[in-house]
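Asker:
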Amino acid sequence: MKPMQLDFARPGWRRALYRVHPAAIVAALAGGALLLAGASVGLQASQQQAAREEALRAQQRKQAAAVRAPLRQPESAIPEAQAVAVNAAVLQLNLPWRQLQDAVAAANTPAVALLALDPDPRKQALKLTAEAKNADDMVAYIAQLKQQEFFRGAVLLRHETNEQDPNRPLRFQVEVQWRAP
């Protein structure tokens, strides 16, 4: 015969829990933990998204305010005269000295003595003062200057004979234009 189970106790949650298999309890607890973890991650992601959106709105407000604001004229920290002097000094420092020296040296002849170089960076011009024994040497020197690749041209500005010197050299001034490097 089959044993009979008689249960006269009232049904309750303890009794129902006692009859549930332990693996089902573990599975229910694990599922609850997963639900809590998922809810936590979702809450965190939504808070981060809200923070990003607020930062974007703040950036857009800042840009809109910058567009609407009138542009202020920057105040000059240095006076105009000082700025002109600084710019002139920068032009002087940025002269192509090496190319000028190489071109003048390539045109130099033993019959001509170079006395002075006076560059003008604004006009990209160089004034040369020199002495030659005679007019032919002077003309040959100017022709040599014209043949230099770095120079665009050479023009005789003035010339004079030094009567006080016994050799009577011819002192002359030439202006050459250089090419922009």
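Residue numbers (full-length UniProt numbering): 1 to 181.
Even glycine gets a Cβ: it sits at the ideal position worked out from N, Cα and C.
Given the structure is predicted, the values throughout are model-derived calculations rather than measurements.
Relative to the C-alpha of lysine 127, which candidate in Leu56, Leu145, Lys133 and Ala28 has its C-alpha closest?
Answerer: Numbered from 1 along the sequence shown, position 127 holds the residue referred to as residue 127. Lysine 127 has its Cα closest to that of Leu145, out of Leu56, Leu145, Lys133 and Ala28.
Asker: Might you give, ordered along the chain, the residues of its own chain that have their beta carbon closer than 6 Å to the beta carbon of leucine 29, omitting 5 neighbours on each side?
Answerer: Translated into positions along the sequence shown, residue 29 becomes position 29. Cβ neighbours of leucine 29 beyond the five flanking positions: none.
Asker: Helix, strand or coil: how does DSSP classify alanine 9 here?
Answerer: By one-based count along the sequence shown, residue 9 stands at place 9. Reduced to three states, the DSSP call for alanine 9 is coil.
Asker: Please go through the same chain and pick out, in chain order, the residues whose beta-carbon is closer than 6 Å to the beta-carbon of alanine 107, but skip the five residues on each side of it.
Answerer: Along the sequence shown, one-based indexing puts residue 107 at 107. Here the set comprises Gln144, Leu145 and Gln148.
Asker: Skipping 5 residues on each side, what residues in its chain have a beta carbon closer than 7 Å to that of glutamine 177?
Answerer: Taking the sequence shown and counting its residues from 1, the one referred to as residue 177 is at position 177. Here the set comprises Gln124, Ala125, Phe151, Arg152 and Gly153.
Asker: Would you kindly report the start and end of the unbroken beta strand (DSSP E) that includes glutamate 160?
Answerer: Along the sequence shown, one-based indexing puts residue 160 at 160. Taken as a continuous stretch (DSSP letters only), the beta strand (DSSP E) holding glutamate 160 covers 151-161.
Asker: Measuring only the C-alpha atoms, how far is leucine 36 from alanine 27?
Answerer: If you number the sequence shown from 1, residue 36 lands on position 36. If you number the sequence shown from 1, residue 27 lands on position 27. Cα to Cα, the separation comes out at about 14 Å.
Asker: Taking proline 121 as the reference, which of Ala88, Gln47 and Ala105 has the closest Cα?
Answerer: Within the sequence shown, residue 121 is the residue found at index 121, counting from 1. Comparing Cα positions, the closest option is Ala88.
Asker: Please classify aspartate 137: does DSSP put it in a helix, a strand, or coil?
Answerer: In the sequence shown, counting from the first residue as 1, residue 137 sits at position 137. Of the three classes helix, strand and coil, the one that applies to aspartate 137 here is helix, per DSSP.
Asker: Suppose you measure from the CA of threonine 129 to the CA of alanine 180; what does that come to, to the nearest Å?
Answerer: Here residue 129 corresponds to residue number 129 of the sequence shown, with the count starting at 1. Here residue 180 corresponds to residue number 180 of the sequence shown, with the count starting at 1. One C-alpha to the other measures close to 22 Å.
Asker: How long is the line joining the alpha carbons of proline 70 and alanine 58, rounded to whole angstroms?
Answerer: Stepping through the sequence shown from its first residue, residue 70 is reached at position 70. Stepping through the sequence shown from its first residue, residue 58 is reached at position 58. About 20 Å.
Asker: Measure the alpha-carbon distance for threonine 109 versus asparagine 167 and round it to whole angstroms.
Answerer: The residue you call residue 109 lines up with position 109 of the sequence shown. The residue you call residue 167 lines up with position 167 of the sequence shown. If you take the alpha carbons of threonine 109 and asparagine 167, they lie about 18 Å apart.
Asker: Taking the beta carbon of aspartate 137 as the centre, do at least 16 other beta carbons fall within 10 Å, making it buried, or is it exposed?
Answerer: Counted from its first residue, the sequence shown places residue 137 at position 137. When all chains shown are included, aspartate 137 counts as buried.
Asker: On the DSSP bridge assignment, give the partners of proline 119 in chain order.
Answerer: On the sequence shown, position 119 is the one that residue 119 refers to. Proline 119 is bridged to Leu126.
Asker: Quick one: what's alanine 113 bridged to in DSSP?
Answerer: Against the sequence shown, residue 113 aligns to sequence position 113. Alanine 113 is bridged to Glu131.
Asker: Would DSSP call leucine 91 helix, strand or coil?
Answerer: The sequence position of residue 91 within the sequence shown is 91, counting from 1. In this structure, leucine 91 counts as helix in the three-state DSSP scheme.
Asker: With DSSP run on the structure shown, which of helix, strand or coil describes valine 20?
Answerer: Residue mapping note: residue 20 aligns to position 20 of the sequence shown, counting from 1. DSSP places valine 20 in coil when its eight states are reduced to three.
Asker: Measure the C-alpha to C-alpha separation of alanine 24 and glutamine 63 and round it to an integer number of angstroms.
Answerer: Within the sequence shown, numbered from 1, the residue matching residue 24 stands at position 24. Within the sequence shown, numbered from 1, the residue matching residue 63 stands at position 63. Cα-Cα distance, rounded: 58 Å.
Asker: Quick check on the DSSP output: the beta strand (DSSP E) that includes glutamine 148 runs from which residue to which?
Answerer: Within the sequence shown, the letter at position 148 stands for residue 148. Per DSSP, glutamine 148 belongs to no beta strand (DSSP E) and is neither H nor E.
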